[in-house]
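Student:
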């Protein structure tokens, strides 16, 4: 009897920690929303996508003599290697509108299955960039926005340029305008371990009649503060398919003439070098 009693107590001690393990954290799936519409006097296209996409399309006027016009749009919604959304629209007399959005969840998960029941705050660095470009005061506009929110805070940035420029920073319900057409933040947030947080990204661009172009982008990156003493005890978990590699956001798309101008300079340089070489050999 004594032996069986000892074995029973031992079994209970072994089972107790197992019963106290927290249920595994299940993050919701990432959601995507992308659409564009372009029109150039009779020739137009539109589409809607609900997943990662990289598309480019253009339309040309069916009456190029009386109504010479073109319209083009490009959209990229990519979850990996880091989440990005970018949109661009341009016209020479038509209409183009494009927008894309990506939302996903993440959590700072404790690697200790028997962690304390009290909330643990983990300092977490979130780096995010966004920007928009469009002719000021014209008939083109672009918007770039970033939102991060969780159980203990919410913060967002939004930049709108073009005919109605406005830049807003909102944190925990307090909104303040700021100057500039971009945001570039590297902030440390106190995130509660094993809690849900989410990020929303949006980029859109619109051009109406006449010459014009507009573009926007947004992109974030998350990491646990390496100076946190217990950093090794936690890891970042994101919605399935979402990457979290340190990113380098490309500049806003260049006007089409600039790459051609650069290629022309390289060609002229090569010709000049060839001529100098031939004179040297002669």
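Numbering (my numbering), first residue to last: 980 to 1261.
Note that CB positions come from ideal geometry on N, CA and C, so glycine has one too.
#1: Buried or exposed for residue 1177, please, with buried defined as at least 16 other CB atoms from any protein chain shown within 10 angstroms of its CB.
#2: Which residue marks the beginning of the beta strand (DSSP E) containing residue 1145, and which one marks its end?
#3: Unbroken beta strand (DSSP E) runs of length 3 or more, entirely within the stretch 1050–1106: which are they?
#4: Less than 9 Å between the beta carbons of residue 1087 and residue 1051, yes or no?
#5: What is the DSSP secondary structure of residue 1211, reduced to helix, strand or coil?
#6: Taking residue 1203 as the reference, which of 1220, 1168, 1186, 1196 has the closest Cα?
#7: Could you pull the start and end residues of the beta strand (DSSP E) that residue 1220 belongs to?
#8: Start and end of the beta strand (DSSP E) containing residue 1201?
#9: Measuring CB atoms only, is the stretch 1209–1224 touching the stretch 1075–1090, in the sense that at least three cross pairs come out at less than 8 Å?
#10: Which of the three DSSP states, helix, strand or coil, is assigned to residue 1141?
#11: Please list the terminal residues of the continuous beta strand (DSSP E) segment that includes residue 1168.
#12: Could you tell me which of 1067, 1057, 1014 sits nearest to residue 1119, measuring between CA atoms?
#13: Would you give the residue range spanned by the beta strand (DSSP E) that residue 1120 belongs to?
#14: Just to confirm my understanding: we take residue 1102, look at its own chain, exclude 5 residues before and 5 after, and list those with CB closer than 7 Å. What are they?
#15: From which residue to which residue does the beta strand (DSSP E) around residue 1156 run?
#16: To which residues of the same chain is residue 1114 closer than 6 Å at the C-beta, ignoring the five residues directly before and after it?
#17: Among 1157, 1179, 1057, which has the Cα closest to the Cα of residue 1148?
#18: Take residue 1053 and list the residues in its own chain whose beta-carbon comes closer than 6 Å to its own, dropping the five residues that flank it on each side.
#19: Can you tell me the Cα-Cα spacing of residue 1038 and residue 1135, whole angstroms?
#20: Suppose you measure from the CA of residue 994 to the CA of residue 1012; what does that come to, to the nearest Å?
#21: I need the straight-line Cα distance from residue 1171 to residue 1100, nearest angstrom please.
#22: Could you have a look at residue 1042 and say whether DSSP puts it in helix, strand or coil?
#23: Please work out which residues of its chain come closer than 6 Å, Cβ to Cβ, to residue 1144, disregarding the five sequence neighbours upstream and downstream, and give them in chain order.
#24: On a CA-only basis, which of 1093, 1146, 1096 is nearest residue 1154? Give me that one, please.
#25: In or out: residue 1033 buried (at least 16 other Cβ within 10 Å) or exposed?
#26: Out of 1109, 1045, 1059, 1042, which has the shortest C-alpha to C-alpha gap to residue 1065?
#27: Rank 1031, 1098, 1046, 1045 by C-alpha distance to the C-alpha of residue 1061 and give the top, closest one.
#28: Look at residue 1041 and residue 1021 and say whether their C-beta atoms are less than 9 Å apart.
#29: Taking its Cβ as the centre, do 16 or more other Cβ atoms sit within 10 Å of residue 1008, making it buried, or is it exposed?
#30: In angstroms with no decimal places, state the Cα-to-Cα distance between residue 1093 and residue 1195.
Tutor: So, from the listed chains and residues:
#1: Counting from 1 along the chain shown, the entry for residue 1177 is found at position 198. By the 10 Å Cβ count, residue 1177 comes out buried.
#2: In the chain shown, residue 1145 corresponds to position 166, counting from 1. Unbroken beta strand (DSSP E) run through residue 1145: 1145–1150.
#3: Counting only runs of 3 or more, we get 1063–1071, 1074–1089.
#4: Residue numbering aside, residue 1087 sits at position 108 when the chain shown is read from its first letter. Residue numbering aside, residue 1051 sits at position 72 when the chain shown is read from its first letter. Result no, Cβ atoms of residue 1087 and residue 1051 do not sit closer than 9 Å.
#5: Working through the chain shown from its first residue, we reach residue 1211 at position 232. Note: residue 1211 maps to helix in three-state DSSP.
#6: For this step, residue 1203 is matched to residue 224 along the chain shown. The candidate whose alpha carbon is nearest that of residue 1203 is 1168.
#7: On the chain shown, position 241 is the one that residue 1220 refers to. Unbroken run through residue 1220: none, as it is neither H nor E.
#8: Here residue 1201 is taken as the residue at index 222 of the chain shown, counted from 1. Residue 1201: member of the beta strand (DSSP E) spanning 1190–1203, first to last residue.
#9: In short, these stretches touch, since the Cβ pair count reaches three.
#10: Start at 1 with the first residue of the chain shown, and residue 1141 comes out as number 162. In the structure shown, residue 1141 falls within a strand segment according to DSSP collapsed to helix, strand and coil.
#11: By one-based count along the chain shown, residue 1168 stands at place 189. For residue 1168, the uninterrupted beta strand (DSSP E) run begins and ends at 1161–1171, by DSSP.
#12: Within the chain shown, the letter at position 140 stands for residue 1119. The residue among 1067, 1057, 1014 with its C-alpha nearest the C-alpha of residue 1119 is 1067.
#13: The count along the chain shown starts at 1 and reaches residue 1120 at position 141. Here the beta strand (DSSP E) through residue 1120 covers 1119–1129.
#14: Here residue 1102 is taken as the residue at index 123 of the chain shown, counted from 1. Result list for residue 1102: 1167, 1169, 1204, 1207, in chain order.
#15: For the purposes of this step, residue 1156 is taken as the residue at position 177 of the chain shown. Annotation: the continuous beta strand (DSSP E) that includes residue 1156 extends over 1153–1156.
#16: Within the chain shown, residue 1114 is the residue found at index 135, counting from 1. Excluding positions up to five away in sequence, the list reads 1191.
#17: Along the chain shown, one-based indexing puts residue 1148 at 169. Closest in C-alpha terms to residue 1148, from the list 1157, 1179, 1057, comes 1157.
#18: Here residue 1053 refers to the residue found at position 74 of the chain shown. Hits under 6 Å: 1035, 1067.
#19: Within the chain shown, numbered from 1, the residue matching residue 1038 stands at position 59. Within the chain shown, numbered from 1, the residue matching residue 1135 stands at position 156. Straight-line measurement puts the Cα of residue 1135 at about 35 Å from the Cα of residue 1038.
#20: Position 15 of the chain shown holds residue 994. Position 33 of the chain shown holds residue 1012. In this predicted model, residue 994 has a pLDDT of only 36, less than 50, meaning its place in the structure is not dependable; the value taken from the coordinates is given anyway. The C-alpha of residue 994 lies about 46 Å from the C-alpha of residue 1012.
#21: Taking the first residue of the chain shown as 1, we reach residue 1171 at position 192. Taking the first residue of the chain shown as 1, we reach residue 1100 at position 121. It is roughly 5 Å from the alpha-carbon of residue 1171 to the alpha-carbon of residue 1100.
#22: For the purposes of this step, residue 1042 is taken as the residue at position 63 of the chain shown. Residue 1042 falls in the coil class under three-state DSSP.
#23: Your numbering for residue 1144 matches position 165 in the chain shown. Answer for residue 1144: no residue qualifies.
#24: Locating residue 1154 in the chain shown gives position 175, counting from the first residue. Among 1093, 1146, 1096, the Cα nearest to that of residue 1154 is on 1146.
#25: What you label residue 1033 is simply residue 54 of the chain shown in a count that begins at 1. With fewer than 16 Cβ atoms within 10 Å of its Cβ, residue 1033 is classed as exposed.
#26: Reading the chain shown from its first residue, position 86 is the one you call residue 1065. Closest option to residue 1065, Cα to Cα, is 1109.
#27: Along the chain shown, read from residue 1 onward, the residue named residue 1061 stands at position 82. Looking from the CA of residue 1061, the closest CA among 1031, 1098, 1046, 1045 belongs to 1031.
#28: Your numbering for residue 1041 matches position 62 in the chain shown. Your numbering for residue 1021 matches position 42 in the chain shown. One thing to note: residue 1041 has its Cβ within 9 Å of the Cβ of residue 1021.
#29: Locating residue 1008 in the chain shown gives position 29, where the first residue counts as 1. Of the other Cβ atoms in all chains shown, fewer than 16 fall within 10 Å of the Cβ of residue 1008; this residue is therefore exposed.
#30: In the chain shown, residue 1093 corresponds to position 114, counting from 1. In the chain shown, residue 1195 corresponds to position 216, counting from 1. Take the alpha-carbon of residue 1093 and the one of residue 1195: they are about 45 Å apart.
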